[in-house]
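Encoded as structure tokens, the structure appears first; notes follow it.
Numbering (the numbering used here), first residue to last: 381 to 980.
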């Protein structure tokens with residue numbers, strides 16, 4: 381009874397929280413004072429639609445910090461310390477009994493209710509010169525509402541769901557009576573609402589480019605969470621391979637040229653480069669471009685929330701090293717256990733190419749160097765570790781990236797691999813194998829997905845093979861170099877799969893009886909690790925762990941809780957208090973209730 385009363389009270393609070401910013405000027409843009417309660421206002425002018433949309437966009441800032449905090453403090457890539465405040469410490473220990481500033485859902489429902497009101501009142505038929513002038517704003521609000529519901533259901537499991545504005549007490553009673561919905565029910569309804577608008581443009585107001593969730597990416601996430609991998613795959617393929625509005629991929633060589641519309645490559649701007657150090661007889665590794673994460677809107681960052689003020693920077697770094705979150709030992713171990721590859725000439729005079737595999741102390745996944753530094757000083761108060769994340773520490777121009785190109789690739793790989801399992805169980809072995817191989821090559825060599833051997837598009841671009849192999853890299857190449865040339869380690873081979881899954885040595889691997897399910901699980905492990913390497917501290921981690929664990933439950937894996945619990949409980953490594961780690965493991969492995977936040 382207490383819980384249901386809390387739900388009703390929360391919904392009723394929306395009456396007080398319901399605000400739309402409709403009185404401002406273009407100069408104000410994001411500095412809108414959204415404090416007018418509007419109960420009966422038709423949005424029937426372009427200025428109304430613009431200011432309303434900007435007001436909703438402004439309200440997203442109130443949940444931006446929580447996107448990262450809820451996703452990372454509970455995850456396995458950051459650990460607390462003696463400087464961590466109580467509210468963060470309770471999140472990290474999954475103690476939700478006390479009041480916690482990060483658990484209030486009111487800000488999320490303010491966004492949703494404002495979207496509901498605007499979508500209900502906006503006159504999308506209004507046209508000037510036969511152009512529907514409000515449709516872009518309408519589409520943007522659909523995306524914001526869907527993304528906000530996605531965050532709620534990720535963090536809270538089941539939540540009140542409604543798509544009509546709450547402006548009266550009877551609306552509150554109606555929302556309360558309808559109860560909570562899970563991600564499948566929410567996805568089913570939102571998919572129906574989003575699908576007609578997938579090909580429409582998003583607004584391009586001054587200063588807001590890239591500030592709106594991309595509908596296909598939000599819908600793909602919803603499908604992934606609901607277990608509809610077929611539709612998730614379709615959304616992501618349409619976005620990366622069939623988008624008619626995307627600048628065409630073009631290759632020219634001599635008299636030959638070819639154009640393919642809609643292709644969206646990962647790009648090669650962030651690949652590893654190496655310099656030969658003659659004095660030490662070894663290669664020196666570094667990143668060619670360190671702006672993967674801090675760049676604004678563009679090819680890399682597909683949607684983001686502009687940050688006006690944020691506590692995120694102070695969580696991960698400080699001048700005196702007394703910041704509340706440090707890098708976890710398990711994350712550092714994952715980075716340190718990667719191999720680096722560079723396909724180079726043997727010598728300046730000997731022109732054959734070979735694989736250079738560097739396993740020295742300096743050879744880690746190079747993305748690690750974008751985030752972490754260990755600082756030593758004579759003053760003990762300055763000795764410690766910091767997580768440097770440009771997007772969080774540059775407050776004045778910072779954006780919180782909620783969709784990046786590489787994360788889209790990894791979601792695509794996830795959908796393909798999960799779909800391979802479904803097709804295999806249904807007896808569709810040919811497609812099952814194709815989907816799992818494609819999932820693997822989105823990590824290793826995406827050119828094989830975009831330009832599959834023997835396909836018409838591959839024949840069309842055969843003359844430009846070197847060009848598209850350089851541009852359509854796999855995600856793992858961002859930190860490990862030319863991994864596409866690796867023929868021994870990052871491969872789909874029974875011996876490697878047996879070693880990685882079952883911990884056997886190379887000699888014993890041949891005797892392990894493997895099935896296609898082992899291949900699926902091996903690729904699944906690669907994807908969840910790649911998500912840790914590629915999206916460190918971006919807010920996705922605990923949600924990723926839940927989604928992967930719940931999928932393993934659907935696969936019949938009786939240890940699906942262990943999958944999540946071990947990663948979180950063991951993130952401190954050998955330096956952690958074993959009793960605390962054991963208690964955390966027991967909590968997360970014994971009940972899924974701790975995976976979700978209490979609805980307050």
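Positions of the beta carbon are idealized from the N, C-alpha and C atoms, including for glycine.
Just so it is clear, the structure is predicted and the values come from calculations on it, not from any experiment.
Test item: CB-CB of residue i and residue j under 8 Å
i           : j           : result
residue 524 : residue 443 : no
residue 917 : residue 481 : no
residue 854 : residue 826 : yes
residue 951 : residue 710 : yes
residue 713 : residue 953 : yes
residue 782 : residue 683 : yes
residue 859 : residue 746 : yes
residue 567 : residue 606 : yes
residue 520 : residue 433 : yes
residue 823 : residue 793 : yes
residue 619 : residue 861 : no
residue 835 : residue 646 : no
residue 472 : residue 460 : yes
residue 913 : residue 924 : no
residue 485 : residue 980 : yes
residue 719 : residue 856 : no
residue 456 : residue 947 : yes
residue 949 : residue 968 : yes
residue 631 : residue 841 : yes
residue 441 : residue 688 : yes
Where residue i falls, given that 16 or more other Cβ within 10 Å makes a residue buried
i           : result
residue 603 : buried
residue 964 : buried
residue 508 : exposed
residue 921 : buried
residue 681 : buried
residue 470 : buried
residue 633 : exposed
residue 700 : exposed
residue 445 : buried
residue 751 : buried
residue 795 : buried
residue 526 : buried
residue 919 : buried
residue 707 : buried
residue 846 : exposed
residue 465 : exposed
residue 958 : exposed
residue 731 : Low confidence applies to residue 731: its pLDDT is 45, below 50, so where it sits in the model is not reliable, and the reading given next is rough at best. Under this definition residue 731 is an exposed residue.
residue 893 : exposed
residue 866 : buried
residue 936 : exposed
residue 505 : exposed
residue 555 : buried
residue 657 : exposed
residue 517 : buried
residue 886 : exposed
Test: residue i CB closer than 8 Å to a CB of chain C
i           : result
residue 599 : Note that chain C does not occur in the displayed structure, where there is just one protein chain.
Anticipated Cβ contact below 8 Å, residue i with residue j, distance rounded
i           : j           : result
residue 600 : residue 616 : 5 Å
residue 535 : residue 977 : 5 Å
residue 686 : residue 695 : So it is not a contact: roughly 19 Å between Cβ atoms.
residue 463 : residue 531 : Not confirmed; about 27 Å, so no contact.
residue 721 : residue 863 : 5 Å
residue 577 : residue 511 : Between residue 511 and residue 577 the Cβ distance is about 16 Å, and since that is not below 8 Å, they are no contact.
residue 830 : residue 621 : 7 Å
residue 348 : residue 439 : Outside the shown range of the chain (381 to 980) lies residue 348, about which nothing can therefore be said.
residue 562 : residue 538 : 5 Å
residue 804 : residue 896 : 5 Å
Along the chain, which unbroken stretches of the alpha helix (DSSP H) at least 4 residues long are found entirely within the region 521–570?
549–558
Would the region 937–944 and the region 914–929 be scored as touching if the rule is three or more Cβ pairs under 8 Å?
yes
If contact is defined by three or more beta carbon pairs under 8 Å, each pair taking one atom from either stretch, is the region 606–617 in contact with the region 796–808?
yes
Please confirm if the region 494–512 is in contact with the region 541–559, defined as three or more CB-CB distances below 8 Å between the two stretches.
yes
Within the region 428–473, ranges of the alpha helix (DSSP H) (whole runs, at least 4 residues):
466–472
Contact the region 640–647 vs the region 803–811: 3+ CB pairs below 8 Å
no
Quick check: the region 574–582 against the region 549–564, are there 3 or more CB pairs under 8 Å?
no
Spell out a yes or no on whether the region 812–823 and the region 892–909 are touching, meaning 3 or more CB-CB pairs, one atom from each, closer than 8 Å.
yes
Unbroken stretches of the alpha helix (DSSP H), 4 residues or longer, contained in the region 579–623
595–606 and 609–621
Every unbroken alpha helix (DSSP H) inside the region 796–824 [4 residues or more]
809–824
Give, in chain order, every unbroken run of the alpha helix (DSSP H) that is at least 4 residues long and sits entirely within the region 850–934.
857–860, 874–882, 886–889, 896–914 and 921–934
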